[in-house]
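Asks:
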Amino acid sequence: MFDSLRKPGGPLKLAVPRGALLDETLDLLDRIGVETAEVRGDSRSLVFDGGELTLVTMRPYDVPTYVEAGAADVGITGKDVLIEQGDRPVYELVDLGIGRCRMVLATQKGDAAPSEHQRRLGMMRIATKYPRIAEQHFEKRGRQVEVVEVKGSIELAPLVGLADGIVDLVATGRTLAENNLEIREEIVTCTARLVANRVSYKIRSAEVDDLARRLREAAAEVESPEPGS
Amino acid sequence: MLPDEMLELRRIQSALLDVFGEYSYREVRTPTLEYADSLELGDRRSADAAYRFFDDRGELLALRTDMTIPIARLVAARLGEVEPPHRLSYLANAYRAVTPQRGELREFGQAGIELIGGAGPYATAEVIEVLSRALDAVGLKDAVIGLGNASLWPGLLADCGASAATAERSSDLLVGHDLVGVEAVLREAEELEDAHVDTLLEVIGMRGGEETIERAATFGGDRFGAALGRLGSMSSALGGRSIGHEVQLDLGMLRDIGYYSGTTIEVYDPSVGEIIGGGGRYDDLMGKFGVTLPAAGFTLYIERIHKAQIQQGVSGV
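Those protein sequence lines, which keep their order, are chains R and X.
According to this note's numbering, the first sequence is numbered sequentially starting from 1.
According to this note's numbering, the second sequence is numbered sequentially starting from 230.
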C-alpha cells in the first residue's frame, strides 16, 4: 500500500478531516458504502483502505494543502478553512451541509457595542485563529482593526485584555457564554465541502463526479431524512 | 540552477524546439520588458503584471506575463506586409506574482507556438497535433489534452437570460473553481428559471469524449448551440490528425485569460497537480495591434514538465 500511495492511479485518495468534523464525515461515507470501521478504531495509522477510496486522515486545516498539490485527489473540509486558505486553488464541488457553524465577532458581555467602541477609539484589537476572514470582514466595511493571531483558546484573549474582541467559529455558543462573551456580529455560516484537485477533477472525471453525486445525495438524506428511516 | 538540472531542462527545450521545427514553426524572440500599455492593450488582466517599473523618462514598463501578446505585437509591427500564415515558436521566460514560500516561481520557462493567420478548426487541429507530438517528445505519454470553447459559458448564460451581474459573478466563481458558489449565485438570481439553472450547472460538469457534444445538443439556445457546434467541428477536425493523447472535451472550461475567442486548451498530467500547459484560439487579439488575423497557439510550462518527468522516472529524453 505504501508504495502505491505516491503514484498516480489506484483508488481515489480522499483527505478526511480529523477532529470535530470526523464523525459526521465518516457517517456520510458509511451511507455511500465506504469502509470506515478502521478509521473509527484506535489505530495510529494515518492512511486507511476504504475499498473504492483510500482514506487519508489529517487536520482539517491541512486538507487544501494536500488537495492543491494532488497528494490527495479529493478532500472534505470546512468552508472556514477554504476561505482562510483561499490562495490554494481547488475545485469546490459539493456543500455537504455537515459541521454547520457560524463565524462570529464576539466581545465581553457588558462592553459597548463594537461599533461604539470603534467610534470612540478608532481601532479595535481582534484575536482570532482566522486572520484572513477577520481582515476581510473588517476591510470590506472600512473598519480599522488590529488582528492578533493566536493558535487556541481564543476566548482567553478578551478576558485578560489582549484583545477587545474575538473572531471565531461557534456551534452551540456554550464556550462563549462560559467565558462571559456574547455574539455581536455574524460574519459567515460555514459547512463542510467536498473539494477536488484541479487535475484529478479533469483526468479522473468519471470517478470524481460519481463520488460527488453520491455524497450530494447522502448529504440531502441527512438534511431531510425520509419518513420512517 | 546547477549543471544537472540545467542539462535536463536543455533536453526538454531542445526536444520541444525540434518538434516545432518539424512543423515549420520558426523561433522568435521578444524583449523581456514591454510597455505596460501594450500588455494592457492585449488583455486587461495582463495589465496587472506583477512587476512594473518606470524607465528614466517616466514610461511605465512591465515584465511580460506570457509570450502571446508580445508575439502579436511583434507580428503586427514587423510582419504586417508579409503574406500569412506565420508559424512562430518561442522559448522564453515569463513572470507572474507568487505566494511566498510555496515553491512557486516568479520567473518560469515557457515553450510554445503561435499559428497566426490560420483560421478555423483545421488550423486549431494543427496546433493540437503539434502539442500532442511535443508531449510525446518529452516522454509524457499519459498527458491529457482538454478542449473547451470560450463562448460556451457566456453563450449559455445569455441564452438562459442571465443578467450581466449574474453572468459576471458566476463567471468569476467558475474561474476560481468554486462550483458551490456558482450554484448559490445562479439559484439566487431572480431572472433565471429553475430549469435553466439546472442546465447551467449540468453543463459546467460535462467533460468527456465526443458523446459529450451529443448530450449537450438539446441545451441552451442559438449562442450555446453555435459554440457547441464549433467545439464539435474542432473535435472532428482532429480525426484526420495523429493525436497520440487522450482528448477531453470540457464544456465547463473557463480560463482566466481574457483574449481567447474560440477553442481553449489545457494540458494535464496525472503526476502533476496543476496544469502543465494551455492555449487556445485568439482571433480578436491581433486586431488590437492593427493587423486583423485569426490566430491560435499553446504554451508548455518547462519546470512543470521537468517535474512530471522526474515523477515518472522519464530520463534521457
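Cβ coordinates follow ideal geometry from the N, Cα and C atoms, glycine included.
No experiment lies behind these values; they were computed from the predicted model shown.
Decide if A424(X) is buried, meaning its Cβ has at least 16 other Cβ atoms within 10 Å, or exposed.
Replies: Answer is exposed; the Cβ neighbour count stays below 16.
Asks: Reducing DSSP to helix, strand and coil, say where L236(X) ends up.
Replies: Residue state, collapsed to three classes: helix.
Asks: By a C-beta neighbour count over all protein chains shown, 10 Å radius and 16 as the cutoff for buried, is E399(X) buried or exposed?
Replies: Looking at the sequence itself, residue 399(X) is Ser, so the reference to Glu does not match. So S399(X) counts as buried.
Asks: Spatial neighbours of S253(X) within its chain, please: C-beta separation below 8 Å, excluding the five flanking residues on both sides.
Replies: Hits under 8 Å: R316.
Asks: With F283(X) and L292(X) assumed to form a contact (beta carbons below 8 Å), what rounded beta-carbon distance in angstroms separates them?
Replies: 13 Å between Cβ atoms; not a contact.
Asks: When the cut-off is 9 Å and only beta carbons count, does K202(R) lie next to chain X?
Replies: Chain X contact via Cβ: present.
Asks: Would a check of beta-carbon distances place D233(X) closer than 9 Å to chain R?
Replies: By this cut-off, D233(X) is not an interface position.
Asks: Give, in chain order, every unbroken run of the beta strand (DSSP E) that is at least 3 residues long and sits entirely within the region 341-427 of chain X.
Replies: Entirely contained in the region 341-427 of chain X, the beta strand (DSSP E) runs reaching 3 residues are, in chain order, 373-378.
Asks: What is the rounded straight-line gap between the Cα of I531(X) and the Cα of M235(X)?
Replies: Approximately 12 Å between the Cα atoms of the pair.
Asks: What does the alpha-carbon distance come out to for the pair E440(X) and L483(X)?
Replies: One C-alpha to the other measures close to 20 Å.
Asks: Ordered along the chain, which non-local residues of its own chain (more than five positions away) have a Cβ less than 6 Å from that of L303(X)?
Replies: Result list for L303(X): T259, in chain order.
Asks: With Y497(X) and I505(X) assumed to form a contact (beta carbons below 8 Å), what rounded beta-carbon distance in angstroms separates them?
Replies: That belief holds up - the Cβ atoms of Y497(X) and I505(X) are roughly 7 Å apart, short of 8 Å.
Asks: Less than 9 Å between CB atoms is the rule here; does R193(R) satisfy it with respect to chain X?
Replies: Closer than 9 Å: yes.
Asks: Go through its chain and collect everything with a Cβ distance to A163(R)'s Cβ below 7 Å, but skip five positions before and after it.
Replies: R125, I126, A127, V148 and A157, listed in sequence order.
Asks: Anything in chain R within Cβ reach of S400(X), meaning under 7 Å, just list it in chain order.
Replies: Chain R residues near S400(X): none, gap ~15 Å exceeds 7 Å.
Asks: Taking the runs of the alpha helix (DSSP H) that are 4 residues or longer, which of them lie wholly in the region 279-336 of chain X?
Replies: Runs found: 297-307.
Asks: Would you kindly work out how many angstroms separate the C-alpha atoms of D401(X) and R273(X), rounded to a whole number?
Replies: Whole-angstrom Cα-Cα distance: 15 Å.
Asks: Taking V81(R) as the query, report the chain X residues whose CB atoms sit under 9 Å from its CB, ordered along the chain.
Replies: Those within 9 Å of V81(R) in chain X number zero; the least Cβ separation is about 14 Å.
Asks: Can you tell me whether DSSP reads G434(X) as helix, strand or coil?
Replies: Reduced to three states, the DSSP call for G434(X) is coil.
Asks: Does the CB of Y530(X) have a neighbour CB from chain R at under 9 Å?
Replies: So, not an interface residue.
Asks: On a Cα-Cα basis, can you pick out the residue from L360(X), E333(X), T294(X) and V311(X) that is closest to K536(X)?
Replies: With distances taken between Cα atoms, K536(X) lies closest to E333(X).
Asks: Based on Cα-Cα distance, which residue from R239(X), A301(X), L231(X) and E269(X) lies nearest to G523(X)?
Replies: Sequence inspection shows Pro at residue 523(X); the Gly mentioned does not correspond to that position. Among R239(X), A301(X), L231(X) and E269(X), the Cα nearest to that of P523(X) belongs to A301(X).
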